[in-house]
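Okay, structure first, notes after.
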Amino acid sequence: MIKIGILGVGTVGASVANILESNADILEARSGKEIVVKTGVVKNLNKDRGVNIALTDNPEDVVNDPEIDIVVELMGGVEEPYALVKKALENGKAVVTANKALLAYHRYELQEIAGDLPLMYEASTAGGIPIIGALRNGLAA
């Protein structure tokens, strides 16, 4: 089983969670493993996100969770996402981000930290849907 954590369950993050859930059978058939979103991070736990996943307002719950294999960063901004992505990579997690600013400032450093771990960022230049393609294609390889 592959478990995913999403940093930033806003409009895009909720769509990613719902797409992963609705395409779970396809993803499992292609990857050979069950893929589930374990936890999503939000700023306001009282706001309905329209997702069927556990939510937290503490991003450390995702990047430090030993059960999470892939972290999807959809927060926006630079410094907080940088610290969290860096920690996720240091904790051995693959990372997918759609954050252009983060990559503009820290891409090379994050790639160096990642080493052989996947650090995927196609969605930062082509909208949110490529996140799913990156996950799907990366997991099926």
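Residue numbers (our numbering): 2 to 142. Each residue gets a CB set at the ideal place from its N, CA and C atoms; glycine is no exception.
In the DSSP assignment, find the alpha helix (DSSP H) that holds residue i and state where it starts and stops.
i, result
"V63", "61 to 64"
Buried or exposed, going by whether 16 or more other CB atoms sit within 10 Å of the CB of residue i?
i, result
"L85", "buried"
"N100", "buried"
"M76", "buried"
"M121", "buried"
Starting from the Cα of residue i, find the closest Cα among the options and give me that residue.
i, options, result
"L56", "K94, I5, K87, I27", "I5"
"I36", "A18, L46, V42, V52", "A18"
"I20", "I54, N65, D70, N100", "I54"
"G14", "I27, Y83, E74", "E74"
"D49", "G11, E110, D26", "G11"
"S32", "I3, D66, L46, G9", "I3"
Can you round the beta-carbon distance between residue i and residue j to whole angstroms, since I take them to be within the 8 angstroms contact cut?
i, j, result
"I39", "E68", "As written in the sequence, residue 39 is Lys, which differs from the Ile given in the question. Yes, K39 and E68 are in contact; Cβ-Cβ is about 6 angstroms, under 8 angstroms."
"P60", "A95", "Actually they do not touch by this definition, with Cβ atoms about 17 angstroms apart."
By the DSSP assignment, the beta strand (DSSP E) with residue i in it spans what residues?
i, result
"L111", "Segment 101 to 115 is the alpha helix (DSSP H) holding L111; no beta strand (DSSP E) there."
"V97", "95 to 98"
> For the segment 24 to 85, which segments carrying the beta strand (DSSP E) assignment without a break, of at least 3 residues, lie completely within its bounds, in sequence order?
Replying inline: 36 to 42, 55 to 57, 71 to 74
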